[in-house]
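Peer 1: If you want the numbering used here, it's the 1-based position in the sequence shown plus 386.
Got a structure for you, questions after.
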Amino acid sequence: MKDVRDALMVAYTSDGKTVRRPLSPHLQIYAPQITSILSIMNRVTGIALSVGTLLLVWWLVAAASGPGAFATVQGFVASPVGLFVLFGWTASLFFHFFNGIRHLAWDAGFGFDLPQTYASGWAVVIATAVSSVLVWAVGLWLL
Numbered sequence: 387m388k389d390v391r392d393a394l395m396v397a398y399t400s401d402g403k404t405v406r407r408p409l410s411p412h413l414q415i416y417a418p419q420i421t422s423i424l425s426i427m428n429r430v431t432g433i434a435l436s437v438g439t440l441l442l443v444w445w446l447v448a449a450a451s452g453p454g455a456f457a458t459v460q461g462f463v464a465s466p467v468g469l470f471v472l473f474g475w476t477a478s479l480f481f482h483f484f485n486g487i488r489h490l491a492w493d494a495g496f497g498f499d500l501p502q503t504y505a506s507g508w509a510v511v512i513a514t515a516v517s518s519v520l521v522w523a524v525g526l527w528l529l
């Protein structure tokens, strides 16, 4: 019995000869590149920013509701889990910001060469790490 998928693999050249279409590379043999990782991370950080914004809204509503509600939110935010979530939100904010600047440069027609793309990608990663740690170091130092 012939497999129906075989018909999808057949193509024709411009002179009418039959050829087999190539298979797309599978994820098991695909090597991740910085460009694909940063693209995925841009989406992940966008979702993280949305979730973190819900935490911010919870904090603001609790502040407007009274001392009891505010103490509950502050208790969560000051816990190790809350601090981890806040650090992740900060890192997501910086990543999204710096990657957005990178995309604006692309929109203006700059940075499309592969070495420039890799350099700007690593610049986004480094700027995110340095900014996140610096903001938290200053914030914790001022406490």
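C-beta atoms are modelled at their ideal positions from N, C-alpha and C, and glycine is treated no differently.
Would you check if the region 471 to 479 and the region 487 to 496 touch, i.e. whether three or more CB-CB distances between them fall below 8 angstroms?
Peer 2: Verdict: no, contact absent.
Peer 1: Can you tell which of N485, D493, V396, V443 has its C-alpha closest to the C-alpha of R429?
Peer 2: Cα-wise, what sits closest to R429 is N485.
Peer 1: Could you say if the region 502 to 510 and the region 414 to 424 meet the contact criterion of at least three C-beta pairs nearer than 8 angstroms?
Peer 2: Contact between the region 502 to 510 and the region 414 to 424 is present, because at least three Cβ pairs lie under 8 angstroms.
Peer 1: What residue from A464, H482, G507, L435 has the CA that sits closest to L526's CA?
Peer 2: Looking at the Cα atoms, A464 is the closest of the given residues.
Peer 1: Rounded C-beta distance between V405 and L441? I'm assuming under 8 angstroms.
Peer 2: That belief does not hold up - the Cβ atoms of V405 and L441 are roughly 55 angstroms apart, past 8 angstroms.
Peer 1: Leaving out five residues before and five after G474 in sequence, what residues of the same chain have Cβ atoms less than 8 angstroms from its Cβ?
Peer 2: If we look at G474 and ignore the five residues flanking it on each side, its Cβ neighbours are A434, G438.
Peer 1: Considering just the uninterrupted stretch of the alpha helix (DSSP H) at A464, what are its terminal residues?
Peer 2: That run of the alpha helix (DSSP H) goes 453 to 464.
Peer 1: What are the boundary residues of the alpha helix (DSSP H) that Y398 is part of?
Peer 2: Per DSSP, Y398 belongs to no alpha helix (DSSP H); it is in the beta strand (DSSP E), 396 to 398.
Peer 1: Output the boundary residues of the beta strand (DSSP E) element that contains R407.
Peer 2: It is not in any beta strand (DSSP E) - R407 carries neither H nor E in the DSSP assignment.
Peer 1: For T399, count neighbouring Cβ atoms within 10 angstroms of its own Cβ and tell me buried if that reaches 16, exposed if not.
Peer 2: Flag for T399 reads exposed.
Peer 1: Using the Cα positions of G454 and V511, report the straight-line distance between them to the nearest angstrom.
Peer 2: Straight-line Cα distance between these residues: approximately 40 angstroms.
Peer 1: Quick one: grab the DSSP three-state call for P501.
Peer 2: Correct three-state label for P501: helix.
Peer 1: Tell me whether G452 is buried or exposed, calling it buried when 16 or more other Cβ atoms sit within 10 Å of its Cβ.
Peer 2: Exposed.
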